[in-house]
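Novice: Numbering-wise, the sequence shown is residues 0 to 621 according to numbering that gives the first Met the number 0.
Ideal placement from N, C-alpha and C gives every residue a C-beta, glycine not left out.
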Amino acid sequence: MEEPKSKREGLRQGRRITRTTPTDGGLRVFARLLGFLAPYRRGVIASLALAAAAMGAGVLIPYFIGRTVDDIREGGGNLLPLAGAVAAAGVFRLASSVPRRLVAGRVSLGVEFDLRNRMYHHLQTLELGFFDGQQTGQLMSRSTVDLGSIRFFLGYGLIFMMQSILTILIAAGVMVAVNPILALVAMAPMPAAIWVAFRYGRQNRPASQEVQQRIAELTAAAEENVSGVRVVKAFAQEERQLRRFNQSVRRVFDQSMVSTRLRAFYTPFIGFLPQLGLAAIILVGGRQAANGTITVGQFVAFYGYVVMLTSPMRTLGMALGMAQRATASGARVFEILDREPRLTSPPDAPALPAGGGRVELRGVSFGYGDGEPVLHEVDLEVEAGSTVAIVGATGSGKTTLVNLIPRLYDVREGALLVDGVDVRDVDVASLRSEIAVVSDDAFLFSASLRENIAYARPDASDEEIRQAARRAGLDDFAVSLPDGYETQVGERGVSLSGGQRQRVAIARALVAEPRVLILDDATSSVDATTEGRIKEAMRAVMRGRTTFVIAHRLSTIALADRIVVLERGRIVALGSHEELLEVSALYREIAERGLPDQVFLTRKPADPGPHAGALGRSMAGL
C-alpha cells in the first residue's frame, strides 16, 4: 500500500534523528562511557594494580643492568645475583601481566554484555513511530560496530593508556631520584608530546565519528541488498546494486583515509619525541659519564629508562586513537539511549478493564511526525462483538486508523476508547494483549512453525495450536512437513509462500484469543479456495469478538455487519452494502472495481451467524 505523503515526510524527519554530526562534547561523552565501568570497579582497580606491579618490575631491569655494567668495570666477577634479580623481575612482570589481561578481558566482555542488553532493552521501549524512520542497518551498526569500539577501549585501551601513564610516572620518578638534572633533560620533550596528543585528539574525534556514521550507512546498504536480493535477481539488477554498494564502500574508504592520515602523522610523531630525549641523554649523559660525574652504569640505566619511555609514548598515541573512536561511537550510541520513549503507560496505569471489545473514536485526528494529518476528526462507534469493514482508496488512512486501536501510535487530537476507557490511560501491554493484528505483510520469526503460531501465548498447548492452525486452513500443510509443527520456517518465513505466511499469522492471532481482532487485508495472498476455508472459520472465530476488516475484495467485506468508507482520512459513508450503494458514489466505484466478486452476491446464505449484517447475510455462503 502506498504511504500518504504526510507519512513519508514523518519518516524522513525520523531518519534525521539518527544522523550523527561532530560535536565538541567529547569529554562529556567520555565521562559517560567511564560510567559503564562502575559495576566492574574492582576488576578495573585490580587490573590497574597488576599493571602497576608489572611496570614496577620492568623499571627495575634498567637499574640492575646499570649495576651490572659498573660491577664489570670495577672487576667484579660474581654477576649471578644481578642476573637472578633481572630474571626475577622478568618473571614477576610475567606473573602480573597474565592475570591483568584476564581481568581486563572479563571487564571488557562485561561492559559489552551490559551495553548490548541496555541498547536492546531501550529499543524495545521506543514506540513504533521511531522505527518507521530508521534504517535497520543503522541500528544494527550502532548495536555491533559502535558497541565493539566502546567495549575494546573500556576493556583494553583504557588499561593500555593507564599502563603507559604509570610507566612514564614510575620511570620519571626513578630518574629524578637517581639524577634530577639528567631526568629533566630526558623529559624535556614531554610537554610537546602532551600538546601533540591533545591536538591529535581534537582533530581525530570528528573524523572518527564520521567514519562510524559512514560504516553505519554501509551496514544499512548491505542489509538492504541482502533483504531485497529476490527483487534484485528478479530484475537482473546485480550490477546496479553493486555500483551503489561500491559507492557506500568508497565513502567509508575516503573518510577512513582522513582518519588514517591523521593517525599516520601524529602516532609516529608522538613516538618520535622521546627520541629527542634519548639524543639529549647521549649528549649530556655521555659527557657526564666521560667526565666521571656519573658512572657508566648510571648512564646505561638512564639510557634504558628513556628507551622504556618510547614504547609507552607510542602506545599512548594508539590508545588515544582508540579513545577517540570509542568517544565517537559513544556519541552515536547515546543518541539512541537518550531518545526518550514517546508512547508510554502512565505511572501505575491499570490494566484494560474487562469487556467485550467495544471501540469508540471521538474526533480522532492523526498525522505521522510533524506531517500533515492522515485522519481528520474521525467519529466511530463499534459495538462489542460486531464486525466492521473499512474500505477506501489506497492512502485513505485505513491501516492508520486500525493501528491506533492497539496504541501503536497516539492520536494527535480526540480520544480512542476500548471498553469505555481511553487507551492512553491503561497499561499498554494489557491493551495489546487483548488485540490481535493480522496484516497483509505477515512477518514470521526464524523459528519453528509451532513457535510462530504460539508467539502471543508461548504456553499454548499443542492442541490449541493445531486448533488455530485448522481454523486458518494450515493444519494439512503443517502435518505434511518433514518435522511437522517443529519445522523451521527460515528468516522471515522465507521457506513459506505468501499465502502460507498469512495463514500462520492468522493462526497466531487466533491462539492469542483477543477481544478485538484486526484483519488488515489478511487474505490478500491466499487463493480463492483457501480464502473460502479461512472465512468459514473466521465467522466462528469472530463471534463474540469485535473485528475490524480492511479489504479490497467484496467477498471479504461479506464478513462485516457495517462498512466504513474512508476518503482522505475522513469517514464519508457508513452502513450496509445495499445502503452504501444508494448513498455513496465512492463505494459504488469500489464495488464496481470488485465486479469479479459480485457473482457471490446472488448466492443464498448458508450460516449467517448472530452478528452478520445485511451484507453478511447475503454473502454468508462464501
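Grab me the residues of I16's own chain with a C-beta within less than 8 Å of its C-beta, minus the 5 sequence neighbours each way, in chain order.
Specialist: Residue mapping note: residue 16 aligns to position 17 of the sequence shown, counting from 1. Its pLDDT being 45, under 50, I16 is placed unreliably in this model, and the coordinates cannot settle the point.
Novice: Return the Cβ separation of S207 and R324 in integer angstroms, given the expectation that the two are a contact with Cβ distance under 8 Å.
Specialist: Taking the first residue of the sequence shown as 1, we reach residue 207 at position 208. Taking the first residue of the sequence shown as 1, we reach residue 324 at position 325. S207 to R324, Cβ: 5 Å. Contact.
Novice: Going by the CB atoms, is the gap between L443 and R502 shorter than 8 Å?
Specialist: Stepping through the sequence shown from its first residue, residue 502 is reached at position 503. Stepping through the sequence shown from its first residue, residue 443 is reached at position 444. In this structure, L443 does not lie closer than 8 Å to R502 by Cβ.
Novice: Looking at L351 and D418, is the spacing between their C-beta atoms short of 8 Å?
Specialist: Numbered from 1 along the sequence shown, position 419 holds the residue referred to as residue 418. Numbered from 1 along the sequence shown, position 352 holds the residue referred to as residue 351. Result yes, Cβ atoms of D418 and L351 sit closer than 8 Å.
Novice: Check whether the stretch 89-102 and the stretch 45-53 touch, using three or more Cβ-Cβ pairs below 8 Å as the test.
Specialist: Yes, the stretch 89-102 is in contact with the stretch 45-53.
Novice: Can you tell me which of Q254, L153, Y304 puts its alpha carbon nearest to the alpha carbon of V106?
Specialist: Looking up residue 106 in the sequence shown gives position 107. Considering only alpha carbons, the answer is L153.
Novice: Where DSSP assigns a beta bridge to T546, which residues make up the other side?
Specialist: Walking along the sequence shown from the start, residue 546 turns up at place 547. Answer by DSSP bridge pairing, in chain order: T386, L516.
Novice: Starting from D253, follow the alpha helix (DSSP H) in both directions and report where the run begins and ends.
Specialist: The residue labelled residue 253 in the question sits at position 254 within the sequence shown. Start and end: 237-279.
Novice: In chain order, what residues of the same chain have a beta carbon less than 6 Å from the beta carbon of L407, not counting five sequence neighbours either side?
Specialist: Taking the first residue of the sequence shown as position 1, residue 407 is located at position 408. Cβ within range, chain order: L127.
Novice: Looking only at DSSP bridge pairs, what is I562 linked to?
Specialist: One-based indexing of the sequence shown puts residue 562 at position 563. A388, G574, per the DSSP bridge assignment.
Novice: Could you tell me if Q287 is buried or exposed, where buried requires 16 or more neighbouring beta carbons within 10 angstroms of its beta carbon?
Specialist: Here the question's residue 287 lines up with position 288 in the sequence shown. Under this definition Q287 is a buried residue.
Novice: Taking the C-alpha atoms as reference points, what is the distance between E588 and T398?
Specialist: As a position in the sequence shown, residue 588 is number 589, starting the count at 1. As a position in the sequence shown, residue 398 is number 399, starting the count at 1. Distance between the alpha carbons of E588 and T398 is about 20 Å.
Novice: Which term fits M256, buried or exposed, when burial requires 16 or more other beta carbons within 10 angstroms of its beta carbon?
Specialist: Sequence index remark: in the sequence shown, residue 256 carries index 257 (1-based). Exposed is the call here.
Novice: Could you confirm whether any beta carbon from chain B is found closer than 8 Å to the beta carbon of L125?
Specialist: No chain B is present in this structure, which holds just one protein chain.
Novice: For G394, which of S385, R357, G366 has the nearest alpha-carbon?
Specialist: Mapped onto the sequence shown, residue 394 falls at position 395. Out of S385, R357, G366, G366 has the C-alpha closest to the C-alpha of G394.
Novice: In whole angstroms, give me the CA-to-CA distance for P380 and R361.
Specialist: Translated into positions along the sequence shown, residue 380 becomes position 381. Translated into positions along the sequence shown, residue 361 becomes position 362. Sequence check: residue 380 is Glu here, not Pro. Whole-angstrom Cα-Cα distance: 8 Å.
Novice: So is A584 buried or exposed if we call it buried at 16+ other beta carbons inside 10 Å?
Specialist: As a first step, residue 584 must be located in the sequence shown, where it is residue number 585. Classification for A584: exposed.
Novice: Tell me which same chain residues have a C-beta within less than 6 Å of the C-beta of A215, skipping the five on either side of it?
Specialist: Counting from 1 along the sequence shown, the entry for residue 215 is found at position 216. For A215, where only same-chain residues beyond five positions count, the Cβ hits under 6 Å are Q137, S140.
Novice: Let me know the secondary structure DSSP gives H375 once reduced to three states.
Specialist: If you number the sequence shown from 1, residue 375 lands on position 376. Residue state, collapsed to three classes: strand.
Novice: Rounded to whole angstroms, what's the CA-CA distance from D426 to L342? Just pull it up for me.
Specialist: Along the sequence shown, one-based indexing puts residue 426 at 427. Along the sequence shown, one-based indexing puts residue 342 at 343. Each residue's alpha carbon lies about 11 Å from the other.
Novice: If we count the other Cβ atoms within 10 Å of its Cβ and call it buried at 16 or more, is A559 buried or exposed?
Specialist: Within the sequence shown, numbered from 1, the residue matching residue 559 stands at position 560. That one is buried.
Novice: How long is the line joining the alpha carbons of H624 and F234, rounded to whole angstroms?
Specialist: Outside the displayed span of the chain (0 to 621) sits residue 624, for which this structure offers no information.
Novice: In terms of residue numbering, what span does the beta strand (DSSP E) encompassing A414 cover?
Specialist: Here the question's residue 414 lines up with position 415 in the sequence shown. Looking at the DSSP string, the run of the beta strand (DSSP E) that includes A414 is 412-417.
Novice: On the three-pair Cβ rule with 8 Å, is the stretch 308-327 touching the stretch 154-169?
Specialist: Short answer: they touch.
Novice: For a test of the three-state rule: what should DSSP assign to R456, helix, strand or coil?
Specialist: Taking the sequence shown and counting its residues from 1, the one referred to as residue 456 is at position 457. Of the three classes helix, strand and coil, the one that applies to R456 here is coil, per DSSP.
Novice: I need the DSSP call for V68, collapsed to helix, strand or coil.
Specialist: Counting from one through the sequence shown, the residue named residue 68 turns up at place 69. Here V68 sits in helix by DSSP.
Novice: Looking at I562: is its Cβ nearer than 8 Å to the Cβ of V390?
Specialist: As a first step, residue 562 is located in the sequence shown; it is residue number 563 there, counting from the start. As a first step, residue 390 is located in the sequence shown; it is residue number 391 there, counting from the start. Their beta carbons are under 8 Å apart, which means I562 touches V390 by this criterion.
Novice: Does the distance from the C-beta atom of Y155 to that of A103 stay below 8 Å?
Specialist: Numbered from 1 along the sequence shown, position 156 holds the residue referred to as residue 155. Numbered from 1 along the sequence shown, position 104 holds the residue referred to as residue 103. It is a contact, given that the beta carbons lie within the stated cut-off.
Novice: Under 8 Å Cβ to Cβ from L32, same chain only, skipping five residues before and after it: list those, please.
Specialist: Numbered from 1 along the sequence shown, position 33 holds the residue referred to as residue 32. Closer than 8 Å at Cβ, skipping near neighbours: I149, F152, L153, A325, T326, G329.
Novice: Where does Q501 fall in DSSP's three states?
Specialist: On the sequence shown, position 502 is the one that residue 501 refers to. Helix, per DSSP.
Novice: For a test of the three-state rule: what should DSSP assign to L623, helix, strand or coil?
Specialist: Nothing can be reported for residue 623: it is not among the residues displayed for the chain, which extend from 0 to 621.
Novice: Count the other CB atoms, across all protein chains shown, that sit within 10 Å of the CB of Y62; report buried if there are 16 or more and exposed otherwise.
Specialist: The residue given as residue 62 occupies position 63 in the sequence shown. The residue in question, Y62, is buried, as its Cβ has 16 or more Cβ neighbours within 10 Å.
Novice: So, under 8 Å CB-CB, I452 and I464 are touching, yes? Tell me the CB distance rounded to an integer number of Å.
Specialist: Residue numbering aside, residue 452 sits at position 453 when the sequence shown is read from its first letter. Residue numbering aside, residue 464 sits at position 465 when the sequence shown is read from its first letter. Rounded, the Cβ-Cβ distance is 5 Å, consistent with contact.
Novice: Just grab the DSSP bridge partners of R552 for me.
Specialist: As a first step, residue 552 must be located in the sequence shown, where it is residue number 553. None; R552 has no bridge partner.
Novice: Label L594 either buried or exposed according to how many other C-beta atoms from any shown protein chain fall within 10 Å of its C-beta, with 16 as the threshold for buried.
Specialist: Counting from one through the sequence shown, the residue named residue 594 turns up at place 595. In this prediction, L594 has a pLDDT of 40, which is less than 50 and means its spatial position is unreliable; nothing more can be read from the coordinates.
Novice: Kindly indicate the opening and closing residues of the alpha helix (DSSP H) around E223.
Specialist: Stepping through the sequence shown from its first residue, residue 223 is reached at position 224. Start and end: 189-226.
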